[in-house]
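Chemist: According to the working numbering, the stretch in the sequence shown is residues 120 to 406, in order.
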Amino acid sequence: MTTRLRYTSMRSSLVVIVLLTSTFSSCSVNAFLVPSTTTTITSSSSSLSAASGGAMEEAAAVNTITLEDLDDDIPTYKKKQQPVFSQAIPFLEVSAVLKESDDLAGNFGFDPLGFAQNKESLWAYREAEIKHARLAMLAAVGWPTSELLDRPIAQYYGLSSALDDGDRVPSLLNGGLEKISPVWWGFCLGLTASIDLYGVAKARAAVDGTYTPGDLGFDPLGFYPTDEEGRKEMQLKEIKHGRVAMMAVLGYAVQEYSSKIGVVDETPFFFQPITETAESALQGLVN
């Protein structure tokens, strides 16, 4: 009986050893197999990541938008959407035609009645404006000069003066245009017509974009600069002086019509030596 119990105990021990051995063997095999499988999966994942990364880089290369592109696009979009207001009248919105012609000398966005419908009409109005401006600059000087010198010159040659009793020059509002010889009117009309026709022919013969309104090529003293910046500055000065002159001539006419006195007599400090005007002013204060 005792021998049989020992045998049974030994048999059970062997079974336990075999089970323990199998368990450790399985663990050892798994210990070697799992890292291998993990390595394989990791390697595959790396390959997939590399492949997908390359595809993403290619897509990014195609669809990449740089900050420079955004800087170029966004301000342009905002410029088109936001209104631009006139420098002359801050609450007046500038028309599209004037926006496109911002390089035109004297363009301050002033066109409240919308005369300039397109680039061609804008150029035609500028041509007319520069012609009237040049005539006004001549008239702004000639008007008071004639009031100063007409009587002395007429007396020297034994002729009657064209000025009236108030020393006013002949004009549409003052009257007296019939005192001027028709020969002189014909000469002025012929001269201005020939200049105008020459300007029209020059404008039509010019290549697109090369003609500047009012540029007749007349510069005997060489004042017109040769560089582009200098020319723009000279054009701006001319149109500004011309606009002031047009307002001045209008002021002459209205002032003489309302006061019945020549501008030279009414505002002598503008047209006579300061010594004479100062003396008259001091005498008026004393008396």
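The C-beta atom is built at its ideal place from N, Cα and C for all residues, glycine as well.
I'd like the span of the alpha helix (DSSP H) that includes LEU217, first residue to last.
Modeler: 215-219
Chemist: Using 10 angstroms around the beta-carbon of PRO332, count the other beta-carbons present and answer buried if the total reaches 16, otherwise exposed.
Modeler: The residue is buried, with at least 16 neighbouring Cβ atoms inside 10 Å.
Chemist: Distance, Cα to Cα, ALA320 vs GLU246?
Modeler: If you take the alpha carbons of ALA320 and GLU246, they lie about 13 Å apart.
Chemist: So, under 8 Å CB-CB, ALA252 and MET366 are touching, yes? Tell me the CB distance rounded to an integer number of Å.
Modeler: With a Cβ gap of about 11 Å, ALA252 and MET366 do not count as contacting.
Chemist: Please report the straight-line C-alpha distance between ASP388 and SER378, rounded to a whole angstrom.
Modeler: The sequence given here has Phe at residue 388, not Asp. In a straight line, the C-alpha of PHE388 is about 17 Å away from that of SER378.
Chemist: On the criterion of 16 or more Cβ atoms from any shown chain inside 10 Å, does SER399 qualify as buried, or is it exposed?
Modeler: Exposed: under 16 other Cβ atoms inside 10 Å.
Chemist: With the cut-off set at 8 Å, would you say VAL216 and ALA235 are in Cβ contact?
Modeler: yes
Chemist: Pick out whichever of PHE390, VAL368, GLU395 has its Cα sitting closest to the Cα of LEU291.
Modeler: VAL368
Chemist: Determine the direct distance from the alpha carbon of ALA324 to that of GLN374, and round the result to whole angstroms.
Modeler: 43 Å
Chemist: Alpha helix (DSSP H) containing LEU211: first to last residue?
Modeler: Counted as a single uninterrupted DSSP element, the stretch harbouring LEU211 is not any alpha helix (DSSP H), since DSSP gives it neither H nor E.
Chemist: Given that a residue counts as buried once 16 or more other Cβ atoms are within 10 Å of its Cβ, and exposed if not, what is ASN226?
Modeler: buried
Chemist: Any idea if GLU266 is buried or exposed, counting beta-carbon neighbours within 10 angstroms, 16 or more meaning buried?
Modeler: buried
Chemist: Could you tell me if SER240 is buried or exposed, where buried requires 16 or more neighbouring beta carbons within 10 angstroms of its beta carbon?
Modeler: exposed
Chemist: Just confirm the distance between the C-beta atoms of SER205 and GLY228, as a whole number of angstroms; I'd bet it's less than 8 Å.
Modeler: 4 Å
Chemist: Pairs of beta-carbons, one from the region 253-262 and one from the region 351-364, closer than 8 Å: are there three or more?
Modeler: yes
Chemist: State buried or exposed for VAL382, treating a residue as buried only when at least 16 other CB atoms are found within 10 Å of its CB.
Modeler: buried
Chemist: Put SER378 into one of helix, strand or coil per three-state DSSP.
Modeler: helix
Chemist: Quick check on the burial criterion: 16 or more other C-beta atoms within 10 angstroms. Buried or exposed for PRO339?
Modeler: Residue environment for PRO339: exposed (fewer than 16 other C-beta atoms within 10 angstroms of its C-beta).
Chemist: When you compare only the Cα positions, how much space is there between ASP334 and VAL213?
Modeler: So the two alpha carbons sit approximately 26 Å from each other.
Chemist: How big is the Cα-Cα spacing for THR329 and LYS356?
Modeler: 21 Å
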